[in-house]
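> Could you have a look at this structure, given as structure tokens, before my questions?
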Amino acid sequence: MTSRLTNLSGLPPNIRLPGYDRAAHGVGILHLGLGAFHRAHQAVATDDALAAGGGDWRILGANLRSRDMAEAMTAQNGLYTVLIRDKQVEARIIGAHATTMGGDPAAILKAACDPRIRILSLTVSEKAYGIDRDAMDIDEMHPAVAADLLWPQAPSGVLGLITAALAARRAAGIAPFTVLSCDNLPDNGALLRAGVLGFAARIRPSLANWIEENVAFPSTVVDRITPASTERTYSDALELTGHHDAAAVETEAFSQWVIEDHFPQGRPLWEAGGATFVRDVGPHEAMKLRMLNGSHSLIAYMGQLVGMRYVRDVVAQPALAALVRRHMKAAAATLPPSSGLDPDSYADTLMQRFANPAIAHRTSQIAIDGTEKLPQRWLVPAAEMLAAGQDARPFAFAIAVWLAWLSDLSKRGEAPDDPRGDRLRDTVNRAGDDDMRLVEAVLSLPGLAPACLTGNNAFMQIIRQSLSRIRHCGFRMNFPEALS
Ligand code: CS2
């Protein structure tokens, strides 16, 4: 009978194991968000850092709401398998997690006050923050923010928890942790800082001042394509390791982590895991969010429109791949010219990564939460192009594809998987067959598109034309026309 992965003995010799004595290292990081991406990215870099540089930097991993992953990992003593899918599949076991907890915000708050915790990192997804990006302040309508403002001693959301933990540490004379956002948001450190300061200012202004002066919020750029785990992930992990693993993840070989080096309480030797430390992540971030994530979203919505399940299927179609290339080129034109980065070779690498036949990355997974993702991926870059008098048509096309997908869903009576899903469905329904009404109504939802984009009549008309062609002639027939 095969057993569950719970320790490091008896694993086949070709499986890479943690290169350090787990018991010899204490915790130093509290991580919020135990999803597949964290397990395939920061935790792997931390495993490498522990092996190369040592230190008490193991991870206390937590999910604010759900218990399942924390329980699965606890049952495995924090161990799990990462499958790296390239020409071959390589399996390695990660041992960086010391403890995992889920669904108990009070216990997580307590852990965040532990003096041993010197970094609080997060992969909670764009929608969990509750920050109004235009105002660079809290979004008081966000459910977790609203609840935590009413009862800040018992927070259940990200901003409330970080603020309460920092307040408790300050009161107890414990140095604050460094706060490290690892989500795909623009200037994620500065954004989270603004959110925490805004939240703290509502509770106690002197606390906000203290946070402003004492807490570091370095920005980061994270990159590793990590599809949600499936039955295939678990069965491949079992075949390779000989053990059942309910926390197994699969990912690509590529991994990138660019971090602003501002860690007053120290940090693991993440360089050993491939991280690069810079003074300003800005250029890396714009290239990644706009070229990778921006074309990912285009691929996702085109794939959804034509019924293609995986990213690799979409880029295997020459006409669709050409549209993706065209989008990357437009995204590259929005980047600062003297950044020292090479967008052309970046684009080539991206096309290869997207085409990886071993990675089954669902278009439906990337299609979720469009209203949270598209501002930084398409709408702000498009607005910048318009302001600079450049040709932003590829962005108009991408927006039309998203609207056509929303329209398809609404016709089926479905709402998109998005925090504003019901509102989107109702907005699209009300617009009916009137293409211009649909374009205007969706893009003028609060906080979505910059005013200079919605106010640009010529650009709005181009979106309408593309939308109209897609809705009335069908997306497939539209390929050559879209390219012209
Ligand atoms: C994707 C990202 O789901 C999405 O929206 O674009 O998760 C993407 O796979 C990662 O950012 C790659 O690093």
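The sequence shown begins at 6 in this note's numbering and counts up by one. Ideal Cβ placement from N, Cα and C applies to all residues, glycine included. Every value quoted in this text rests on a predicted model; they were computed, and no experiment measured them.
Residue range of the alpha helix (DSSP H) that I371 falls in?
T368 to A372
> Going by beta-carbon coordinates alone, are R90 and E255 separated by less than 7 Å?
Yes, the Cβ-Cβ distance between R90 and E255 is below 7 Å.
> If we call anything under 7 Å between Cβ atoms a contact, is S415 one with N434?
yes
> Just how far apart, CA to CA, sit F182 and W275?
17 Å
> Helix, strand or coil for I500? Go by DSSP, reduced to three states.
The shown model of the chain, from 6 to 489, leaves out residue 500, and the question about it has no answer.
> Tell me whether F359 sits in a helix, a strand or coil according to DSSP, three-state version.
helix
> CA-CA distance, A205 and A213?
5 Å
> Which parts of the segment 114-179 are runs of the beta strand (DSSP E), unbroken and 3 residues or longer, counting only runs that do not cross its ends?
124-127
> Quick one: is the Cβ of I475 within less than 6 Å of any heavy atom of the ligand CS2?
no
> Do N68 and G107 have their C-beta atoms within less than 7 Å of each other?
yes
> Got a sec, what are the start and stop residues for the beta strand (DSSP E) E95 sits in?
V94 to I99
> Whole angstroms are fine: how far does the CA of T105 sit from the CA of E76?
7 Å
> Pick out the complete beta strand (DSSP E) segments inside the segment 246-270, 3 residues or longer, and give them in chain order.
254-256 and 261-265
> Looking at C-beta atoms only, is the number of pairs between the segment 91-105 and the segment 245-254 that lie closer than 8 Å three or more?
Contact between the segment 91-105 and the segment 245-254 is present, because at least three Cβ pairs lie under 8 Å.
> Following a CB-centred definition, is I364 positioned closer than 6 Å to any heavy atom of the ligand GTP?
With respect to the ligand GTP, the structure shown offers nothing to examine, as its ligands consist of the ligand CS2.
> By how many angstroms is the C-alpha of G100 removed from the C-alpha of A170?
26 Å
> Quick one, are the C-beta atoms of V2 and M333 less than 7 Å apart?
In the structure as shown, the chain begins at 6 and stops at 489. Residue 2 is therefore absent and cannot be evaluated.
> So G135 and V163 are supposed to be a Cβ contact under 8 Å. How far apart are they, rounded?
Between the beta-carbon of G135 and that of V163 there is about 7 Å, and that keeps the pair under the 8 Å contact cut.
> Out of L55, G59 and L37, which has the shortest C-alpha to C-alpha gap to M74?
L37
> Are there three or more Cβ pairs, one per stretch, closer than 8 Å when the segment 358-366 is compared with the segment 378-397?
Not touching, per the Cβ criterion.
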